[in-house]
Amino acid sequence: MEFLVFGEDWGRHPSSSQHIMSQLMHAYPVTWVNSIGLRQPRLNYRDIMRIKEKLFAKFTAAKPNTPSTVNTTENHQQADRQPTQIIQPLVWPLAQHTGLKLLNRLSLQRQLPEKRYQRIIWTALPSAIDLFSICESDLVIYYCGDDFSALAGVDHQATAAAEQRLMFRADLVFACSPMLQAKLQQLNPNNPVILLPHGVSISQFATPQPAPANIHLQQTSIGFYGSIDQWLDQELLKELAIQRPLINFYLLGPINTDISTLADTNNIHLLPAQPHKQLARYLQHWDMAILPFKNTPQIQACNPLKLREYLAAGCPTISSDFPATQPYRSAIQTATTTEQWLQAIDHYSHWGQTERQHYQTRTRQLIETETWQVRAKEVTDRISHQLKHKVS
Numbered sequence: 005m006e007f008l009v010f011g012e013d014w015g016r017h018p019s020s021s022q023h024i025m026s027q028l029m030h031a032y033p034v035t036w037v038n039s040i041g042l043r044q045p046r047l048n049y050r051d052i053m054r055i056k057e058k059l060f061a062k063f064t065a066a067k068p069n070t071p072s073t074v075n076t077t078e079n080h081q082q083a084d085r086q087p088t089q090i091i092q093p094l095v096w097p098l099a100q101h102t103g104l105k106l107l108n109r110l111s112l113q114r115q116l117p118e119k120r121y122q123r124i125i126w127t128a129l130p131s132a133i134d135l136f137s138i139c140e141s142d143l144v145i146y147y148c149g150d151d152f153s154a155l156a157g158v159d160h161q162a163t164a165a166a167e168q169r170l171m172f173r174a175d176l177v178f179a180c181s182p183m184l185q186a187k188l189q190q191l192n193p194n195n196p197v198i199l200l201p202h203g204v205s206i207s208q209f210a211t212p213q214p215a216p217a218n219i220h221l222q223q224t225s226i227g228f229y230g231s232i233d234q235w236l237d238q239e240l241l242k243e244l245a246i247q248r249p250l251i252n253f254y255l256l257g258p259i260n261t262d263i264s265t266l267a268d269t270n271n272i273h274l275l276p277a278q279p280h281k282q283l284a285r286y287l288q289h290w291d292m293a294i295l296p297f298k299n300t301p302q303i304q305a306c307n308p309l310k311l312r313e314y315l316a317a318g319c320p321t322i323s324s325d326f327p328a329t330q331p332y333r334s335a336i337q338t339a340t341t342t343e344q345w346l347q348a349i350d351h352y353s354h355w356g357q358t359e360r361q362h363y364q365t366r367t368r369q370l371i372e373t374e375t376w377q378v379r380a381k382e383v384t385d386r387i388s389h390q391l392k393h394k395v396s
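One rule links them: number in the numbering used here = place in the sequence shown (from 1) + 4.
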């Protein structure tokens, strides 16, 4: 088999598709097509800079790895695995005009490698469907990790139409949460949607790491990493910080929204995004980790990768109440009011080393069957069964 993947840009903060494909790269060639977008670009600063970034990546892209390099045991053991080839597509996102669609196909066709094995398309983006005709696929997989109807910055109407078509084109459909599974199933009741929750690299987050220099170990610390975006409950964070002035709150990640609410709160610290492999250094030395999300349709449908990473690191966790937390309620505290948040913070603040060690043992046992290796095996088993079914 070989995989042709349509996902977000490779090398940005790893997505579930990147994690799964990283597990498969030791055995199968993987061609990764960087993001083709979910809305048509506009003439504004953000989009112009994004286009410049795409063009720069296109003309500075590394040459493809040879299969002999990709498929070695040594490469399988490396932490930073790379696809056989990364394609920087020069296509117009969600093109509606027939001529633009044709140009998109011609442009990508020139970049695709020659097919050598049974080709599996894995797409995390509904907008890729207009490019399938040139891909020579033996199997099409749609992996849904987001509720696109609730995402900001998305052409909701065009994306919904593409997703509807994809549900009738895909041979296999995976969804990362029960809510997304139910939503997709309504689009095509005759195409069973398979629940594939996120996984975690337990060894990456459980292996002891030194503390980073930019956190204060002498004071109680609470941390969050990920995009600082509109779904983060800034009002809640500010109130918690005011009510617990001796605790440091660390927010680690890119800022994609107005954060004026957090201004002048001395114990809230905004830190730059870190490479994924560095996150364990923070988690292992924070006293607790949080998921302070607003109650929105997007959050109700989400299944954040970081939740399992928090647990793998053995970091006591407090979260807003949303469905993806349900399987882990025995190990985390959920809160819906400021008072509940403060009670949970006070509870963990009194823990000593013994309580923390017991917690680490319990959380790692809870997620020991949820590794990315297990998730990748679930995927390949489904693919093998589906390919046999198609042949017969």
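Virtual Cβ for every residue (Gly too), placed ideally from N, Cα, C. Bear in mind the structure is a predicted one, so any value in this text is a computation, not a measurement.
request  = Return the CA-CA distance between residue 382 and residue 248, expressed in angstroms with no decimal places.
outcome  = 44 Å
ask   = When we look at the beta-carbon of residue 254 and count the other beta-carbons within 10 Å, is it buried (16 or more) or exposed?
value = buried
query = In whole angstroms, what separates the C-alpha of residue 72 from that of residue 364?
reply = A caution first: residue 72 carries a pLDDT of 35, below 50, which makes its placement in the model unreliable, though a value can still be read off. Distance between the alpha carbons of residue 72 and residue 364: 40 Å.
ask   = Could you give the C-beta distance for residue 313 and residue 283, rounded to a whole number, given that I count them as a contact under 8 Å?
value = 7 Å
task = Take the Cβ of residue 23 as the centre, count every other Cβ of all protein chains shown within 10 Å, and call the residue buried at 16 or more, exposed below.
result = buried
message = Less than 8 Å between the beta carbons of residue 216 and residue 285, yes or no?
response = yes
ask   = Mind pulling the alpha helix (DSSP H) runs of 4 or more residues that sit fully within the segment 251-322?
value = 283-287, 301-305 and 309-316
inquiry  = Could you compute how far the alpha carbon of residue 393 sits from the alpha carbon of residue 175?
reply    = 11 Å
ask   = Given that a residue counts as buried once 16 or more other Cβ atoms are within 10 Å of its Cβ, and exposed if not, what is residue 41?
value = buried
inquiry  = Quick check on residue 161: buried or exposed, where buried means 16 or more other Cβ atoms within 10 Å of its Cβ?
reply    = exposed
ask   = Who are the near neighbours of residue 32 in its chain, counting only those whose CB is closer than 7 Å to its CB and skipping five residues on each side?
value = 5, 6 and 7
inquiry  = For residue 58 and residue 92, what's the separation of their Cα atoms in angstroms?
reply    = Note that residue 58 scores 45 on pLDDT, short of 50, meaning its location in the model is unreliable and no value can be drawn from it.
key: Range covered by the beta strand (DSSP E) that runs through residue 10   = 6-10
query = Less than 8 Å separating the beta-carbons of residue 328 and residue 315?
reply = no
query = Are the CB atoms of residue 198 and residue 387 nearer to each other than 8 Å?
reply = no
task = Following the continuous alpha helix (DSSP H) through residue 170, name the residue where it begins and the one where it ends.
result = 160-173
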